[in-house]
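Q: Residue numbers (this note's numbering): 7 to 247.
1) Run through the region 67 to 121 for me and flag every whole beta strand (DSSP E) of 3 or more residues, listed as ranges in chain order.
2) Identify which residue in 220, 57, 16 and 8 has its Cα closest to the Cα of residue 39.
3) Where DSSP assigns a beta bridge to residue 154, which residues make up the other side?
4) Does residue 34 pass the burial test, meaning 16 or more other C-beta atoms within 10 Å, or should it be called exposed?
5) Tell me whether residue 138 is buried or exposed, calling it buried when 16 or more other Cβ atoms sit within 10 Å of its Cβ.
6) Kindly indicate the opening and closing residues of the alpha helix (DSSP H) around residue 205.
7) Let me make sure I understand the geometry here. Which of 209, 64 and 46 has the alpha-carbon closest to that of residue 191?
8) Residues bridged to residue 222 by DSSP?
9) Of the choices 163, 177, 186 and 203, whose alpha-carbon is the least far from that of residue 234?
10) Just to check my reading of the structure: residue 203 and residue 118 have Cβ atoms closer than 8 Å, yes? What is that Cβ distance to the nearest angstrom?
11) CA-CA distance, residue 108 and residue 158?
12) Go through its chain and collect everything with a Cβ distance to residue 223's Cβ below 6 Å, but skip five positions before and after it.
13) Please identify the residue among 182, 240 and 229 whose C-alpha is closest to the C-alpha of residue 104.
14) Using 8 Å as the threshold, is the C-beta distance between residue 51 and residue 36 below it?
15) Grab me the residues of residue 201's own chain with a C-beta within less than 7 Å of its C-beta, minus the 5 sequence neighbours each way, in chain order.
16) Please list, in chain order, all residues of the same chain as residue 239 whose beta carbon is under 7 Å from its beta carbon, the five residues on each side excluded.
17) For residue 66 and residue 81, what's the separation of their Cα atoms in angstroms?
18) In this structure, does DSSP put residue 229 in helix, strand or coil?
19) Let me make sure I understand the geometry here. Which of 185, 92 and 17 has the alpha-carbon closest to that of residue 122?
20) In the DSSP assignment, find the unbroken beta strand (DSSP E) run with residue 22 in it and report its ends.
21) Could you tell me the distance, in whole angstroms, from the CA atom of residue 73 to the CA atom of residue 22?
22) Verify whether the separation of the beta carbon atoms of residue 132 and residue 218 is less than 8 Å.
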């Protein structure tokens with residue numbers, strides 16, 4: 007998961023703000039910042055953080071002039087440790103998701119992805135939210151009237167625009183066979199999500215915020231790097247620009 011700093015006012019002195027934020031790691035790795043617009047600054051290394059890396063972020067923003075007459079107030083330190091390595095690769099053509107830990111496949115799960123006209127984004131997407139159950143309403147993502155499911159189980163957010171990996175109890179024979187969703191990655195589940203033996207429950211319980219889901223072979227473009235915490239889709243050269 008990239009480390010993301012959001013500002014309540016648009017920044018017009020980005021160099022001064024960036025200078026006031028330091029990111030230290032153990033073991034040491036080069037971490038660089040990238041601005042998305044003028045109110046969001048994300049930090050990441052070139053490749054995924056190594057498991058167990060200790061990260062310390064110093065926000066020395068108190069008194070820093072971010073724009074004319076507007077000064078920062080925060081001075082604090084944030085520390086976190088990177089969890090175990092889990093990357094799940096979804097093949098939209100084969101309708102499978104291979105869950106890997108430290109590069110080894112630990113489980114292959116049949117899935118369904120976006121149907122024609124509603125294809126799932128390609129690219130690397132970071133889990134940013136986990137919801138045991140949530141409502142999914144097409145109105146909120148521009149698909150008005152197409153669906154309104156009040157009890158979607160085992161939902162994990164991948165983008166701000168509404169892409170999730172989630173349990174699906176209405177998909178019939180789609181899993182592993184054909185793509186039937188409105189852009190999400192669906193895993194077989196039961197209504198209420200109470201059955202711990204279904205694929206969606208297993209995946210939900212073995213995933214943590216910051217894990218990566220990579221989608222390949224979908225007929226859509228690559229997800230935008232600022233749509234969620236998805237800066238890994240930029241080359242290191244572009245990231246550092």
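Note that CB positions come from ideal geometry on N, CA and C, so glycine has one too.
Nothing here was measured: the structure is a model prediction, and the numbers come from that model.
A: So, from the listed chains and residues:
1) At a cut-off of 3 residues, the continuous stretches assigned as beta strand (DSSP E) that sit fully inside the region 67 to 121 are 71 to 73, 81 to 87, 92 to 97, 102 to 107 and 110 to 118.
2) Ranking 220, 57, 16 and 8 by CA distance to the CA of residue 39 puts 8 first.
3) The partner list for residue 154 (beta bridge, DSSP) reads 143.
4) With fewer than 16 other Cβ atoms within 10 Å, it is exposed.
5) Counting the other Cβ atoms within 10 Å of the Cβ of residue 138 gives fewer than 16, which makes it exposed.
6) Residue 205 -> alpha helix (DSSP H) spans 205 to 211.
7) Closest option to residue 191, Cα to Cα, is 209.
8) Looking at the DSSP assignment, residue 222 forms a beta bridge with 97.
9) Nearest in C-alpha terms to residue 234, of all of 163, 177, 186 and 203, is 163.
10) Between residue 118 and residue 203 the Cβ distance is about 19 Å, and since that is not below 8 Å, they are no contact.
11) Near 30 Å, if we compare the C-alpha coordinates of residue 158 and residue 108.
12) Within the same chain, residue 223 has close Cβ partners 97, 98 and 99.
13) If we check each option's Cα against that of residue 104, 182 comes out closest.
14) Cβ distance < 8 Å, so residue 51 and residue 36 count as in contact.
15) By the criterion of a C-beta distance shorter than 7 Å, residue 201 is surrounded in its chain by 207, once the five residues flanking it on both sides are discounted.
16) Cβ within range, chain order: 129, 130, 228, 229 and 231.
17) Straight-line measurement puts the Cα of residue 81 at about 5 Å from the Cα of residue 66.
18) Of the three classes helix, strand and coil, the one that applies to residue 229 here is coil, per DSSP.
19) Answer by Cα proximity: 185.
20) Looking at the DSSP string, residue 22 is not in any beta strand (DSSP E); the run it does join, the alpha helix (DSSP H), is 20 to 25.
21) Between residue 73 and residue 22, the C-alpha separation is close to 10 Å.
22) Yes, the pair counts as a contact, with Cβ atoms nearer than the cut-off.
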